[in-house]
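Take a look at the structure set out below.
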Amino acid sequence: MKIWAVANQKGGVGKTTTAVTLGGLLAGEGVKTLLVDLDPHGSLTTYFGNDPDTIVSSVYNLFRIDQKITARDILLPTRFENLSILPSSTALATLDRQLGKQDGMGLVVAQALAELAGEYDYVLMDCPPILGMLMVNALAACNHLIVPVQTEFLALKGLERMLRTLKMVQRARGAELSYTVVPTLFDRRTRASRDTCAALRDQYSENLWSGVIPVDTQLREASQAGVPLSMYKPSSRAVVAYQELLNNLDGRDPEIEQVQAQ
0 MKIWAVANQK
10 GGVGKTTTAV
20 TLGGLLAGEG
30 VKTLLVDLDP
40 HGSLTTYFGN
50 DPDTIVSSVY
60 NLFRIDQKIT
70 ARDILLPTRF
80 ENLSILPSST
90 ALATLDRQLG
100 KQDGMGLVVA
110 QALAELAGEY
120 DYVLMDCPPI
130 LGMLMVNALA
140 ACNHLIVPVQ
150 TEFLALKGLE
160 RMLRTLKMVQ
170 RARGAELSYT
180 VVPTLFDRRT
190 RASRDTCAAL
200 RDQYSENLWS
210 GVIPVDTQLR
220 EASQAGVPLS
230 MYKPSSRAVV
240 AYQELLNNLD
250 GRDPEIEQVQ
260 AQ
């Protein structure tokens with residue numbers, strides 16, 4: 000089971016969009032895919048028609064040692080074949096205050112996902128934009144980190160903080176964690192986007208995906224419809240870009256993929 004965390008210590012960079020779109024592409028290929036919402040804001044949960052303010056059971060319950068809750072107990076189907084979700088609730092925002100000093104809290108998500116190892120091929124985790132228990136859990140559970148970075152200069156600071164956090168977690172894990180930096184919300188018409196991409200190439204070339212995710216208004220339309228863009232508008236620019244990203248993350252040969260599709 001491949002477990003990918005989508006994280007950046009800055010909001011508004013396309014984390015939820017990336018998790019949903021990659022998840023939709025995988026599910027559309029017939030691959031059993033699980034989305035995990037670790038953000039108290041619950042954008043991923045809301046995307047698929049659930050309310051993080053009123054939901055009864057969520058990822059929050061996995062952290063409550065006084066409750067015998069497993070991942071299967073909170074697992075929700077979506078209306079899309081091969082796509083399920085472990086939902087968030089706003090109660091997740093209280094975890095660090097309630098349980099931050101308890102031992103063993105950094106591996107809760109990893110242990111929960113281990114129970115589902117035979118049921119899913121891919122897991123994509125949507126992470127909160129702050130360093131805390133949920134971010135640490137995601138980095139401890141994943142085997143690859145995806146870092147969306149909006150192509151504007153303020154987002155570079157979020158990337159710097161994210162990579163400092165990654166180094167800290169790597170020391171705790173005693174092992175390297177591979178990661179891919181993904182430029183998002185790219186608008187070739189603006190100098191800011193072009194200059195930020197150039198800065199990313201200069202500073203992070205070793206781990207930078209060579210493509211970009213363009214600004215695409217159809218992403219917003221798909222979100223309003225509650226449908227992954229790959230199923231809402233398969234021919235859109237963003238879907239084409241995310242498919243290229245998926246090929247890269249999965250180590251696929253695009254030319255072979257194209258021949259198999261014909």
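Position one of the sequence shown corresponds to residue 0 (numbering that gives the first Met the number 0), numbered consecutively onward.
Glycine included, every Cβ here is placed at the ideal spot set by N, Cα and C.
Any idea which residues DSSP pairs residue i with across the strands?
i, result
"Met-124", "Ala-4 and Val-35"
"Gln-149", "Thr-183"
"His-143", "Trp-3"
"Ile-84", "Leu-34 and Leu-75"
"Tyr-178", "Leu-144"
"Leu-207", "Val-180"
"Pro-213", "Phe-185"
Where does residue i fall in DSSP's three states?
i, result
"Val-238", "helix"
"Ala-70", "helix"
"Gln-202", "helix"
"Leu-130", "coil"
"Arg-160", "helix"
"Gln-261", "Note that Gln-261 scores 36 on pLDDT, short of 50, meaning its location in the model is unreliable and no value can be drawn from it."
"Asp-317", "What the structure shows of the chain is the stretch from 0 to 261, and residue 317 is not part of that stretch, so it cannot be assessed."
"Gly-10", "coil"
"Thr-53", "coil"
"Gly-105", "helix"
"Asp-249", "helix"
"Leu-244", "helix"
"Glu-256", "Unreliable positioning characterises Glu-256 in this predicted model, as indicated by a pLDDT of 46, which lies under 50. A coordinate reading is not provided."
Quick check on the DSSP output: the alpha helix (DSSP H) that includes residue i runs from which residue to which?
i, result
"Ser-262", "The structure shown does not extend to residue 262, since the chain is modelled only from 0 through 261, so no value can be given for it."
"Leu-94", "94–98"
"Gly-222", "Correcting the residue type first, residue 222 is Ser in the shown sequence and not Gly. First-last of the alpha helix (DSSP H) with Ser-222: 216–224."
"Gln-101", "That residue, Gln-101, is in no alpha helix (DSSP H); it is neither H nor E in DSSP."
"Asn-60", "58–61"
"Ala-270", "Limits of the chain in this structure are 0 at one end and 261 at the other, which puts residue 270 out of reach."
"Val-19", "14–27"
"Leu-91", "First-last for Leu-91: undefined, no H or E at that position."
"Leu-43", "42–46"
Does the ligand FAD have a heavy atom nearer than 8 Å to the CB of residue i?
i, result
"Glu-80", "Among the components modelled here there is no ligand, and therefore nothing to report on the ligand FAD."
The stretch 25–33 / the stretch 157–169 touching (three or more Cβ pairs under 8 Å): no
Sufficient close CB pairs (3 or more, under 8 Å) joining the stretch 65–72 to the stretch 40–51: no
Meets three-Cβ-pair contact criterion under 8 Å: the stretch 48–55 and the stretch 8–25: no
Validate contact between the stretch 78–95 and the stretch 232–246 using beta carbons, cut 8 Å, 3 pairs: no
The stretch 178–189 in contact with the stretch 131–150 per 3-pair CB rule at 8 Å: yes
Cβ pair count under 8 Å reaching 3, the stretch 3–18 against the stretch 97–107: no
contact_flag[the stretch 183–199, the stretch 6–17] where n(CB pairs < 8 Å) is 3 or more: yes
Inter-stretch contact (C-beta, 8 Å, three-pair minimum) for the stretch 129–142 and the stretch 194–206: no
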